[in-house]
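Read the structure below first, then the notes.
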Amino acid sequence: QGTRISDDGRWLVYSLVPGEGDSELVVLELQTGKETRYPRGKEAVITPDSLFVIYTILPPKAEVDKAKKEKKKSEEQPKNGLGIINLKTGELVAVDRVKSFKVAEDSGNFVAYLLEAPVVKEAEKDKVAKKEEAQASQEEKKEPGQKPAEKPEEKKADKKKEPGTELVIRQLETGKAVSVQEVSEYAWSKNGRYLAYAVSSKKPEEDGAFIYEPAANKTTTLLKGQGHYVKLAFDEKGQKAAFLSDRDSYQEKVSSYKLYFWEEKMTRAIELAGPKIAGLPANNAPSENRTPSFSKDGSLIYFGYAPVPEPEPEDAPEPVKVDIWSSADPELQPMQKVQADEDKKRNYLAVCHLKTAERAIILLGSPDLPEIRLSDDGQKALGVNSLPYRQLISWDRGYADYYTVEIRTGRRTKILEKFPGPVSFSPGANYLVFYDDVPRAWFTYRLADGKKFALTSKLGVNFFREEWDTPGEPPAYGLVGWTDNDSSVLIYDRYDLWEIKPDGSGARLLTGKFGRENNLVLRYQRLDREEKSISLKKPLLLSAFNDQTKATGFFRLDPAKSQSPSKLIYQDKMLGSLQKAKKAEVYIFTAQTFEEFPDLWLSGPDFANPKKVSQANPQQANYLWGKAELITYLNADGRELQAILIKPENFDHGKKYPLLVYIYEQLSDGLHRYYAPGPGTNINFSRYVSNGYVLLLPDIVYEIGYPGSSALKCVLPAVEKVINLGFIDPARVGIQGHSWGGYQITYLITQTSLFAACEAGASVANMTSAYGGIRWGTGMSRAFQYEKTQSRIGAPLLGRALQFIENSPVFWVERVNTPYLTIHNDEDDAVPWYQGIEFFSAMRRLGKKAWMFNFNGEKHGLRERDNQKYWTVHLDEFFDHYLKGAPAPPWMTQGVPYLERGKRDVSVLFKPEAEKPGT
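As structure tokens, this is what we get:
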């Protein structure tokens, strides 16, 4: 994880993160191969000068676990540290108890890091408590009638202002450091010349915002006085800064913020916007919930504004805890609840024109145009308003009206109505580009004159997903980007790249028909994170994926010379995660197969003779693994499909193996994906095949309105194809899947008795009740899922009630002969867990074999490691019993009483000494 290559191409840094235990940071000198490892290192950065590595040192996992078990307070739990490695000398400096660190984007001279608050020892706490107790005792000893001395009246603010902690600014080369106390937040200028920081002090008069110039050891006070100082920001050149503060109204019950501005040669910050400054609506102020930003040339400051909240009356009664639903609400109450924090922080974009004499403020966003998107240079604005269509997302998809918004005046012009989006600027902000899925074509909008141009409708090639099989309109393959000076736009079809004039006047197939003719999906590799446009005067690096064989590679295309990409590297592996050193022709990528861990490989620009430079999983050699291969089969409609077949490493064609099928949708593209062994929600492919199972992962395609029978038509022929190969015991075939895969399995077992056992996790059982349910993670109605997306009915319940019933397994449960296991957790935020209860209850009522696991507090998939282990053991036992003849465990034969739930200790089964090669 966290792979980084230095700008000069000499150093590689990455973290090795085990499933359990402590991580390890690896620093590798690429020229010499010298490797150094640092315990518990993670989240490393390499300074822009390639001289230092700075990283987080995590506390030992054993200590973290112990503190959690002992339920220690947050401040008493183990904290992160900081590591600073001098790449020239190898020296390591470690700092304890560090909250965060920052390095300037373009400078590696200094690092700033914020320390945790000092630990207050129990003895010191007792000392403070005794002092307070003594003071209280003195008050009680005063003579009768004697009043305590009156304190001067103080203004009271109902605010909690946490004091900051120590900020250290360290010069990396010399190690010299400067400390500032009680800092609450900080930010570097891009060039590293300045560090802005805010102080939140126990002494109110010390609060403030400051600029520090490390090279000169000079501090400038921007603003000072009791209050909050937040959202520090610099312009692109590091010559201007902005921040927000509520200093002038801090003592009020509800304080409002002001926007402040500073630039070089100023001795203090000046106020730009506030509740009483012209330009903002009445009772509005700059919002502390948006960080100010500058246009690229520094002439504009963008900031958020919002109404100042009204203070709650002191005698206001406690609100009644009730949700009132209305059919007229744009969003359902559960969705409003999920978005409540976001709604509280909602603000609208305004801009301050710094170069005008009055520093004019123009409102761009507003309650009726809540979203504003800016061009890269910050000189053009696009307004987005989805409010008229918010109710539709319950059963349809998202729409919005789009407006151009003039930066200087705020004037709006509607350009698209009820459009699903997205819409984006060209880098030069001369055009907008968007895909319209009704005509299924790409368009541009020229901002200078408001003209709209069709780009792809007459090119004779589909630019939409050709094999789309859900009810909604198919999306586009995607936008590559723009060429220099907005001279052309690059767009993907299924296989190739097109260059098209932005006014639609010309187009050329940039890669010829090379991709389509070779079944290669070609995609541009953007290796420069700062790249805004693509130059066609130099070669382009493309990834290639063969959608038939699943081989991958990298190709080079020189658009000025040829339309045929040249092969650099092409293998029966999954190549990816490509990175390039910023200032050197040094490349890093990963290569993986089912058998080969995705280690890191080093290469030059020609990718000849790449060198493996990591060895992350050497222990794999001690275990039997497996081998994945691609097979083809015909589904019940005669359509040729693919599937992944995984056989044990010591496969014997003369034996009869148990077969375990895993399903979701189309899985064959993952032929070369590596699966690290470990517990989880689903079966682990590597571990199961190592334990003597053959695995099958078939592709599934769908007919709209018939998702259940579509799965049946694809899965059964795939299983039959493998059984006919002669090495599968047809009496020992099982199937497993989760969520959408779980639904399909639940349906399948109502239609066939082929499977000896199944596990169908988080499955919908009754589409008629699920349709009207809620996806609790988003608060959305589930109706859209059936009408427009994955559940694939394509119509509302009242329009096709019969199809909802036909596709609902609970109505056909009497046909089930397959032992049924499911996991459905009571806080599932995607599929309501009452769906699991419905099917389990129906199975129980009919006396059929069924078990359901509910991990209390878990959501759609298991996140807690202990729960993953517990489930994995029981899932193994279930399939081992039905597919390998192992004895049925007590939980299957006797159940587990509520008072005994979860007491079984499975941890011993995950210790290394409990494992043996091939088991």
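Last residue of the sequence shown: number 920 in our numbering, and the count goes up by one each step with no gaps. C-beta: ideal position from N, C-alpha, C; glycine also.
On the premise that residue j lies in contact with residue i, defined as a C-beta separation below 8 Å, what is that separation, rounded to the nearest angstrom?
i    : j    : result
Y676 : S687 : 5 Å
F756 : Y658 : Between Y658 and F756 the Cβ distance is about 15 Å, and since that is not below 8 Å, they are no contact.
Y496 : L521 : 6 Å
Y446 : Y436 : With 8 Å as the limit, Y446 and Y436 do not qualify as a contact, their Cβ atoms being about 13 Å apart.
V406 : R413 : 5 Å
I86  : V54  : 4 Å
P389 : D402 : 7 Å
L355 : L301 : 7 Å
L115 : V184 : 6 Å
S395 : S792 : Wrong, their Cβ atoms sit about 14 Å apart, outside the cutoff.
G627 : E650 : 6 Å
L31  : S24  : With 8 Å as the limit, L31 and S24 do not qualify as a contact, their Cβ atoms being about 22 Å apart.
Which residue wins for smallest C-alpha separation from residue i, given the options the options?
i    : options                   : result
G639 : S711, V54 and V587        : S711
D8   : Q182, Y588 and I362       : Y588
G738 : V716, K219, Q752 and I775 : V716
P308 : V200, G275 and D324       : G275
I632 : Q593, A592, V28 and D700  : D700
G769 : A802, H825 and E92        : Per the sequence shown, the amino acid found at residue 769 is Thr instead of Gly. Comparing Cα-Cα distances from T769 to each of A802, H825 and E92, the minimum goes to A802.
K860 : Q334, A442 and N826       : N826
V50  : S108, G3 and R98          : What sits at residue 50 in the sequence shown is Asp, not Val. Cα-wise, what sits closest to D50 is S108.
R776 : G709, P335, I170 and K89  : P335
G411 : L876, F420, L350 and N463 : L350
K166 : K452, N192, V120 and K191 : First, the residue type needs correcting, since residue 166 is Thr and not Lys in the sequence shown. Closest option to T166, Cα to Cα, is V120.
P293 : G479, G379 and Y251       : G379
Y56  : L88, R391 and F546        : L88
A430 : I838, G679 and R374       : R374
A45  : Q2, E77, R11 and K72      : Q2
I570 : A561, R557 and E214       : R557
D548 : I838, A442 and L668       : L668
Within 10 angstroms of the Cβ of residue i, are there 16 or more other Cβ atoms? Answer buried if so, exposed if not.
i    : result
E289 : buried
S908 : exposed
K143 : At K143 the pLDDT is 43, less than 50, meaning the model places this residue with poor confidence and gives no usable figure here.
E330 : Looking at the sequence provided, one finds Asp at residue 330 rather than Glu. Exposed is the call here.
L799 : exposed
R194 : buried
E500 : buried
D66  : exposed
L448 : buried
H654 : exposed
E92  : exposed
I325 : exposed
P820 : buried
Y15  : buried
G305 : buried
S328 : exposed
L1   : Coverage of the chain is limited to positions 2 through 920, which leaves residue 1 absent and any answer about it impossible.
A137 : Any reading at A137 must be qualified, since the residue scores a pLDDT of 48, below 50, and its modelled position is unreliable; no value is offered.
A242 : buried
Y899 : exposed
E565 : In the sequence on display, residue 565 carries Ser and not Glu. By the 10 Å Cβ count, S565 comes out exposed.
Does any residue of chain C bring its CB to less than 8 Å from the CB of residue i?
i    : result
T591 : Here chain C cannot be found, since the structure has a single protein chain.
Quick check: is any heavy atom of the ligand ADP less than 7 Å from the C-beta of residue i?
i    : result
E532 : Among the components modelled here there is no ligand, and therefore nothing to report on the ligand ADP.
Please specify which runs of the alpha helix (DSSP H), each continuous and at least 4 residues long, are wholly inside the region 494–550, giving them in chain order. Within the region 494–550, the complete alpha helix (DSSP H) runs of at least 4 residues are 515–518.
Do three or more CB pairs link the region 735–746 to the region 761–768 at distances below 8 Å? They touch, by the three-pair rule.
Does the region 316–330 come close enough to the region 253–260 to have 3 or more Cβ pairs within less than 8 Å? As far as the Cβ criterion goes, the region 316–330 does not touch the region 253–260, which means the pair count is below three.
Do three or more CB pairs link the region 461–477 to the region 528–544 at distances below 8 Å? No, they do not touch.
Pairs of beta-carbons, one from the region 644–658 and one from the region 598–606, closer than 8 Å: are there three or more? Taking a contact to require three or more Cβ pairs closer than 8 Å, the region 644–658 and the region 598–606 do not qualify as touching.
Report the residue ranges of all beta strand (DSSP E) runs contained in full by the region 298–323; include only those spanning at least 3 residues, in chain order. Those beta strand (DSSP E) runs which fall completely within the region 298–323 and span 3+ residues are 301–308.
If we count Cβ pairs, one from each stretch, closer than 8 Å, do we get three or more for the region 570–586 versus the region 550–558? Touching, yes.
Would you check if there are 3 or more beta carbon pairs closer than 8 Å linking the region 96–104 to the region 22–38? Short answer: they don't touch.
Would you call the region 196–211 in contact with the region 219–236, where contact means no fewer than 3 C-beta pairs closer than 8 Å? By the Cβ test, the region 196–211 is in contact with the region 219–236, since at least three Cβ pairs between them sit closer than 8 Å.
Which runs of the beta strand (DSSP E), 3 residues or longer, sit entirely within the region 24–92? Qualifying beta strand (DSSP E) stretches, in chain order: 25–30, 36–40, 42–47, 53–58 and 82–87.
To test your reading of the DSSP string, which unbroken alpha helix (DSSP H) runs of 4 or more residues are found completely within the region 686–741? The alpha helix (DSSP H) runs of length 4 or more contained entirely in the region 686–741 are, from start to end of the chain, 686–691 and 708–724.
I want to know whether the region 449–458 touches the region 503–510 - three or more CB-CB distances under 8 Å. When Cβ pairs closer than 8 Å are counted between the two stretches, the region 449–458 is seen to touch the region 503–510, the count reaching three or more.
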